[in-house]
Structure formats: structure tokens, C-alpha cells
Amino acid sequence: MFKVNDNFSALSSGYLFSEVGRRISAYVQANPSADIIRMGIGDVTRPICGSVIEAMHRAVDDEASCATFHGYGPEQGYQFLRDAIAANDYAKRGIAIETDEIFIGDGAKSDIGNICDLFASSNRVAVTDPVYPVYVDTNIMSSRGHSIEYLPCVAANSFVPELPVCSPDIIYLCYPNNPTGTTLTKDQLTEWVRYAQDHGAIILFDSAYEAFITSPDVPHSIYEIDGAKEVAVEFRSFSKTAGFTGVRCGYTVIPKSLRGRFSDGSVASVNMLWNRRQCTKFNGASYIAQRGAEAIYTPQGQQEIGQTIRYYLENARILRNGMSGMGLEVAGGVDAPYIWVKTPKGCSSWQFFDKLLEECHVACTPGAGFGSSGEGYIRLTAFNTLENTVAAVDRLSRLSL
Ligand code: PLP
77 MFKVNDNFSA LSSGYLFSEV GRRISAYVQA NPSADIIRMG IGDVTRPICG SVIEAMHRAV
137 DDEASCATFH GYGPEQGYQF LRDAIAANDY AKRGIAIETD EIFIGDGAKS DIGNICDLFA
197 SSNRVAVTDP VYPVYVDTNI MSSRGHSIEY LPCVAANSFV PELPVCSPDI IYLCYPNNPT
257 GTTLTKDQLT EWVRYAQDHG AIILFDSAYE AFITSPDVPH SIYEIDGAKE VAVEFRSFSK
317 TAGFTGVRCG YTVIPKSLRG RFSDGSVASV NMLWNRRQCT KFNGASYIAQ RGAEAIYTPQ
377 GQQEIGQTIR YYLENARILR NGMSGMGLEV AGGVDAPYIW VKTPKGCSSW QFFDKLLEEC
437 HVACTPGAGF GSSGEGYIRL TAFNTLENTV AAVDRLSRLS L
């Protein structure tokens, strides 16, 4: 019989969100009148803004006539969107990124997973702990499960990881962070870029929550750091920035100056490898989604998405204040839609999850599901409605701890 990839048996079996869903369903089945407020969701709830919707309607109409029909697009994405990204997300911040360093995809998750194709299985990997599980699982699938170093992010280091000790080749950083909602300052991120330069490592910088940054000393792109173009890939997503979780569009920046080596010692351009990979395995993001994404960069689009981001940040502020008002230790929620809350009195993540579900009918995400350093924490998200956020805080504030 044919053989399957053994690495899949090394993946941890229970997917966090399935277990969360299972517990909520079981509770609702036993208590059908319980009105559960879901504060664990990582999906957005606000609709896509008017400018984007109009642009997508126009793009649908384009498909209806021979003169404007678009079939297969460029695997790298349409020039109109790559130009808008280079001009708005980079040139406006004083960062020179060329359009052929930008690859449009169907969201950050696919690109983050697919980039594993480019790296030798002998590479060592470093991830933060707690961590967005995709970094870990995709490396396990690619035979690097045994060489992952976990960098604890805990209250004692203010959720800022120490530099690695095992000299990793591939370093995943996600800032603003999911799940802790914390950020790195420019000085802190500079240390990572210097580390990668000194150790010949690559940084895979996940910037899915960039749009939520409000603090002036938090960089919006890793390329704000000198030398980052030689060591870093940046992943961006329109999912949380503009409600594209269902539409699907994002992009990955791979500077042409970023180089690795083949095992024979010859030099390889990561940009060229990724281009080759995409041309082989990807047929481009949808024209309609890309026209929608382009509209985000119009003045009207910017104003509209800004309004939605502020809505979620207000929810985050309400959650933060509510939880700290209860005497709980809280991180995140200032430059991110996530609030990381320490459970009281040594309660485990899952015990506190059950307590909130049963006593307040509020669902959260247990921190332990993001890694062992997440034990003793829960994650709340700001993506629910304002009304539900206020109601959840009200219910939680009546909890006896
Ligand atoms: N990176 C992080 C840290 C995320 O939290 C998410 C989604 O929750 C993604 C990437 C995936 O985003 P996308 O919808 O663009 O695939």
C-alpha cells in the first residue's frame, strides 16, 4: 500500500478551536437557554467597507464582457495591487520595496505554510511560546518537528522573547502578536535583525495585525530596521485590516537582497525560489479580491477601514479596562485586537475557560492551546460587536474570583 507522510502523525491531535467548539456545543446542548457571548473568535464581525464592496462589484461586471474579462492572472498578483502596496504600505513610510518583491496571495496563512517548501529539512527553527500554531505544524509537516526551539514569552520578560540559544536558521516573529496582543519596539526588533545578520538566519515576520498599531515606537514593518531586507520576509493580510477573512487576499514581501544557500554552497535568491514555487503551485489570487484590496488604498477606503479598526480597538480598550478593573493581570489590547489575561489563583487555562463558560456564558480561548507558556492565561478578542463586548465585560465583572 502507498505510504503517507509520517510527519502528520507527529502533529498534536486536538486542534485548539475544535476543542473549544466542542465544549461550547456540549454546554449549549445541556443548557439550551444559555446565551453564549463568543469572545474567543479570531474572525472579524464588521462588514467589508463600501469602497471595497463597490470595487468588487465593478470587478464582477468586468468579468461579464469580452473586453474586460480577466481569466488567469499573474501568479505574482496584478500590477495595480502590487503598485498600490509598494506606494502606500512602504514608500509612504520611507521604505523602498519594489513591486517585484511583493507577491499577492490568498491570505497570510497559505503563504506562511507554503514558504516551508523553500527551506531544507535540516534547518533549525525558533518560534515564540505561546505561538500561532501554524508555524509549528507546518514545520512538523516539513520534517523539522525535532528542531524547533520554543522561546517563552511570559510576564517576567514582558512577553518579549529572549534571543535563541540553539542558533536557529529560521525564526518566526509575529508582531503585533497573536495570542498575547503585545508588540516589539523598534529597538527590540532591531536586536532580532542583528541576530539574524550575525547568525545567517532568516526571519519570517508575520505582520497580520499591523493595522492595529497605535503606539509611535512600534514599527509597522520589519523593513523599518536597517539591514532587514537582507534577512527578513514579511507576511501581510487584508483579513483583519479590511474584513477579508472570507474574501481571501494578502501578500508576502521577499526582498531581492535576501539570499540563502543550496547544500553545494551556491547562493540562492529567496525571491526567485518563491517566484518559482508560486508559478508551479499557485494560479494567482482572484481578480475580484485583488480589485477589492486595491480599493483599501483609496482615501475613502483608508478612512473606512480606519473606522472599523478603531471600533475593534475600542472593544479592546473596554476588555482591557474591564479585566484589569477586576484585579486581573492583562497584556495586549493596545496595538492589537487580542487581550491576554492571567487566570486568578493558579487556575489552569481550561479551568478558567470552563468557569467563564458556565458562570458567565462567555467563551474565551484557553492560553494553553497556544503552547506551554500560555498555561495560566486566556485570550479574549476584540472582534465581537461593541454591544456583546460591553455585555461580556459586565457579566465577567460579576464573577467571584
Ligand atoms: N497570522 C496570524 C498571526 C493570524 O492570527 C492569522 C489569522 O488569524 C493569520 C496569519 C492568517 O490570516 P489570513 O486570513 O490572511 O490567512
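So the number in the working numbering is just where the residue sits in the sequence shown, counting from 1, plus 76.
Each residue gets a CB set at the ideal place from its N, CA and C atoms; glycine is no exception.
In the three-state scheme derived from DSSP, where H, G and I count as helix and E and B as strand, T328 is classed as strand. Inter-residue distance for S101 and A467 is about 21 Å (C-alpha atoms, whole angstroms). Between S315 and G326 a beta carbon distance of about 7 Å is seen, short of the 8 Å cut, so the two are scored as contacting. Between the segment 148–156 and the segment 270–287 there are fewer than three C-beta pairs closer than 8 Å, too few to call the two in contact. In the DSSP assignment, R335 falls within the unbroken beta strand (DSSP E) covering 335–337. Those residues placing their Cβ nearer than 5 Å to any heavy atom of the ligand PLP are, following chain order, G118, G183, A184, K185, Y208, C250, N254, D282, A284, S313, S315, G326. Beyond the five residues adjoining it in sequence on each side, S473 comes within less than 8 Å, by CB distance, of G398, G401, M402 in the same chain, given in chain order.
With a minimum length of 3 residues, the unbroken runs of beta strand (DSSP E) contained wholly in the segment 229–298 fall at 246–250, 278–282. Just so you know, the alpha carbons of I161 and S186 end up roughly 19 Å apart. S127 is positioned such that its CB atom lies closer than 8 Å to that of E380.
Cβ atoms of L260 and V236 come within 8 Å of each other, at about 7 Å. The closest CA to that of D182, considering only S476, A365, A439, is found on A365. As DSSP reads the structure, G116 sits in no beta bridge.
Put simply, of A140, G170, F145, F179 the residue whose alpha carbon is nearest the alpha carbon of L157 is F179. A check of alpha carbon separations from I415 across F288, N164, S89 identifies F288 as the nearest. Taken through DSSP and simplified to helix, strand or coil, I191 comes out as helix.
For the pair V120 and T321, the CB atoms are nearer than the 8 Å cut-off.
The three-state secondary structure of R200, taken from DSSP, is coil. Going by beta carbons, S345 and A196 fall outside the 8 Å limit. The Cβ-Cβ distance between L227 and D205 falls below 8 Å.
Assignment of S218 by DSSP, reduced to helix, strand and coil, places it in the coil class. A straight line joining the alpha-carbon of P442 with that of P292 spans about 31 Å. G368 places its beta carbon less than 8 Å from that of A131. Annotation for L475: E435, C436 place their beta carbon closer than 7 Å to its own, counting only its chain and skipping 5 residues before and after. Within 10 angstroms of the beta-carbon of S448 lie fewer than 16 other beta-carbons, which makes it exposed.
For P375, the closest alpha carbon among the candidates R312, T144, N164 is that of N164. Of the other Cβ atoms in all chains shown, 16 or more fall within 10 Å of the Cβ of C229; this residue is therefore buried. Taking every protein chain shown into account, the CB of E174 has fewer than 16 other CB atoms within 10 angstroms, so this residue is exposed.
In this chain, the alpha helix (DSSP H) harbouring E130 covers 126–138.
With contacts defined as CB atoms closer than 8 Å, I171 and Y299 qualify as a contacting pair. I124 is positioned such that its CB atom lies no closer than 8 Å to that of A361. In this structure, the alpha-carbon of F145 lies about 20 Å from that of V323. Counting only runs of at least 3 residues, the segment 319–402 fully encloses the following beta strand (DSSP E) elements, listed from N- to C-terminal order: 326–329, 335–337, 343–345. Around I330, the same chain offers E177, F179, V309, V346, N347, W350 as residues with beta carbons nearer than 7 Å, after the five sequence neighbours per side are excluded.
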